[in-house]
Each structure stands twice: as C-alpha cells, then as structure tokens.
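Only one structure is covered here, and it is reproduced in the block below.
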Amino acid sequence: MLILTVLVLYSSTVSLVLAHNKPRYLREFHSGQAVLCDLCPPGYHVQKHCTKTQQTICWPCNEGLYSEVWNYIYRCLPCRWCWSNQVEVQKCTSSTNRVCKCKEGFYLDSDICRPHSVCPSGYIVKEKGSPDRDTVCERCQEGYYADGHSGNASCVPHSECKSEEKLLFHGTIYMDNVCITCKSIAHDDWVKFVIQPFTAIFKHHSTWKLQRFIGHLISKDSRIFRFIADKNFCFQQLEEWFSKATEQQVNNLPKLLQKASMSDLAENIKQRIKKLRNEVRLCRMNVPARK
Numbered sequence: 126m127l128i129l130t131v132l133v134l135y136s137s138t139v140s141l142v143l144a145h146n147k148p149r150y151l152r153e154f155h156s157g158q159a160v161l162c163d164l165c166p167p168g169y170h171v172q173k174h175c176t177k178t179q180q181t182i183c184w185p186c187n188e189g190l191y192s193e194v195w196n197y198i199y200r201c202l203p204c205r206w207c208w209s210n211q212v213e214v215q216k217c218t219s220s221t222n223r224v225c226k227c228k229e230g231f232y233l234d235s236d237i238c239r240p241h242s243v244c245p246s247g248y249i250v251k252e253k254g255s256p257d258r259d260t261v262c263e264r265c266q267e268g269y270y271a272d273g274h275s276g277n278a279s280c281v282p283h284s285e286c287k288s289e290e291k292l293l294f295h296g297t298i299y300m301d302n303v304c305i306t307c308k309s310i311a312h313d314d315w316v317k318f319v320i321q322p323f324t325a326i327f328k329h330h331s332t333w334k335l336q337r338f339i340g341h342l343i344s345k346d347s348r349i350f351r352f353i354a355d356k357n358f359c360f361q362q363l364e365e366w367f368s369k370a371t372e373q374q375v376n377n378l379p380k381l382l383q384k385a386s387m388s389d390l391a392e393n394i395k396q397r398i399k400k401l402r403n404e405v406r407l408c409r410m411n412v413p414a415r416k
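Sequential numbering from 126 applies to the sequence shown in my numbering.
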C-alpha cells in the first residue's frame, strides 16, 4: 500500500511536467544538468533510464506482476493473493492488482475474513452480514420470543392461554408460553408438551458438548459418540427424537445430562419434568377415567 501511495504521489508530481501531452519526469545528473524523461505507462516498468541522447526504455510487466500508474520504477509490483475464505473479484493483469473479497458467510475484520456471527437463542438478525461487516443481532423484547431457526427467526408475542387452559411454563425470549388443560394431559402422552420448550432450552444452552451429547442421544448405537457440527440439523434431529421418545426416555434425560457434566441443564430439565408430572397427577385425580 505504501509503494502504491508513493507511486501515486510521483505520478501526480510528474504529470505537471508535460511534453507533447506525454507524462515525463525530470532526471538530474551529478553534473547538475537535467533532462526530461518519458514515464513508463501502466503495465510497464523502466528497463533503462533515459540519457541525454536516448529516451526511457520501458518493458512490460511479467505475469503475476503489475504497475497501475505512469511510473519510473525498475520492477513491477507483485499482485496480491486471495487468502483463506476469500474469492477473486478482479483478476491480476499487467496494469491492475488482483482484488479479493470475503466469500459468502464471511466478513473482513483486520485483514482477516471471519465467519458471520450466529445470533444466539432469543435474538434475531437486525442487519444481515455482508463481506464488509458482521451480522448485527437484536434481542427480543419482554413478552416476545425468537421463533424460527437461527438467521430466519422473528420475534413473536407469547401465546395467551385460553380461558380453559393453564399456564404450565412461562415463555422466555427463546420459548413460547406452554398452556395445557387437564383433559389434554390426564390421559394423553405428556411428552408432546415438552418437545417445544425442551428443544428451546437445549438451543439456549448450545455448546459443542451439548451437540456431542445430542449426537449420542439420537444414535441407534449407544456405544457411538458422534458430534453433529451443523446446529440447525442437530436440533432438528433432537425434535425428531422427542417426537418419538417415551415418557421413560424423557424422565431419564436429567441423569444422562448429569453424567455428561451438564448439571445446570440437567437440573433445569429435571424441575420442569417434575412440575409437569405433578400437573398430570393432579389432573388424573380430578378427571374421570375414559371409558
């Protein structure tokens, strides 16, 4: 960049010295005499400076080198290279430098292409990331939650429980209210009521350790531990697991989480299961059995 700046300054200065509308520079000899020399055009460099009897001899830049202004440099400049996570938008020619930009999903930060930030659970994308700036996230307001997959989520208001329903779990910025009726949980499988809130809780606690745990949980072979790198796919698989899980499998989740050294998440899930099972027990006491 410094070399280019110097070249631009030189080209600005020598452009004041014109002969037959051709840019020239003033070359002084040790004797004190001076001569006007032709500048080399873009795409060329000086092979031999001018003398009193001969004009400047210019030579084209070799492949991979360039000069983009009128100049009197001995060597053309090397074109830049596109680095990791960059794509070429302008090719290197004898008169233009190569231009690169960050590829899709990355942005330039201190000359390094970094991946766009993924908005955390409870946040939505306020400004989508570009090659020049990172994603800007915005937290959902009180009474709203982020609905949808990361990157496409929107803040929507918490659902209001109907007159015959009871609020089981309060909504947060990352999950909706969960409303129930005794009729719906007294005889039906209560697992369906935890799919949405439990998946949201898992997303909120998302870490590489949790993604590895989910990979193990949904694996048909319990001896295999696999890490699911794609978060969206990981939680889609978790939702599918919940949709097929038995009450016993869900009841066993806190123990498995505790064993995987995720005690806070284990306690969160344990308390919610306990609350739901208490509601189920009370409802079954008050709702007549089906005939």
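Every residue gets a Cβ at the ideal spot worked out from N, C-alpha and C, and that includes glycine.
Just so we're clear, the structure is a prediction, and the values are computed from it rather than from any experiment.
Excluding the 5 residues flanking it on each side, L164 has same chain C-beta neighbours closer than 7 Å at V139, P148, R149, Y150, W195, N196 and Y197, in chain order. In this structure, the alpha-carbon of T218 lies about 11 Å from that of L202.
When secondary structure is reduced to three states using DSSP, K356 falls in the helix class.
Inter-residue distance for Y270 and M410 is about 34 Å (C-alpha atoms, whole angstroms). Taking the CA atoms as reference points, Q211 sits about 11 Å from D236. If you ignore the 5 residues before and after E193, its C-beta comes within less than 7 Å of the C-beta of P167, S220, T221 and N222, all in its own chain and listed in chain order.
Between the alpha carbons of W366 and C359 lies a distance of about 11 Å.
Per the C-alpha coordinates, the member of H329, V214 and F231 positioned closest to C225 is V214. Ranking P185, E153 and V171 by CA distance to the CA of K177 puts E153 first. When beta bridges are read from the DSSP output, S279 appears opposite D272. By DSSP's assignment, Y150 forms a beta bridge with C162. Taking all protein chains shown into account, A370 has 16 or more neighbouring C-beta atoms within 10 Å of its C-beta and is therefore buried. Assignment of N302 by DSSP, reduced to helix, strand and coil, places it in the coil class.
Beyond the five residues adjoining it in sequence on each side, R200 comes within less than 8 Å, by CB distance, of H170 and L190 in the same chain, given in chain order.
Sorting D301, S331 and C408 by C-alpha distance to the C-alpha of C286 places D301 at the top.
The C-alpha of N277 lies about 11 Å from the C-alpha of N357. The three-state secondary structure of R223, taken from DSSP, is coil. If you look at K308, you'll find it in the alpha helix (DSSP H) that goes C307 to A311.
Following the DSSP letters along the chain, one finds H170 inside the beta strand (DSSP E) bounded by residues Y169 to K173. Residue environment analysis places G157 among the exposed positions, since fewer than 16 neighbouring C-beta atoms fall within 10 angstroms of its C-beta.
Scanning its chain for C-beta atoms nearer than 6 Å, with the 5 sequence neighbours on each side dropped, one finds around P379 the residues A391, I394 and K395, in chain order.
If you draw a straight line from the Cα of N376 to the Cα of F323, it comes to about 12 Å. Rounded to the nearest whole angstrom, the CA to CA distance from C244 to D389 is 22 Å. Around C207, the same chain offers E213, R223 and C225 as residues with beta carbons nearer than 8 Å, after the five sequence neighbours per side are excluded. For the pair R264 and H274, the Cα-to-Cα distance works out to about 15 Å. Taken atom to atom, the span from the alpha-carbon of E252 to that of C280 is near 14 Å. In the DSSP assignment, D389 falls outside any beta strand (DSSP E) and lies within the alpha helix (DSSP H) extending over S388 to N411.
DSSP places N376 in the helix class (H, G or I) of the three-state scheme. No residue range can be given for P256, since it is assigned to no beta strand (DSSP E) and is classified by DSSP as neither H nor E.
Annotated three-state conformation of I237 is strand, per DSSP.
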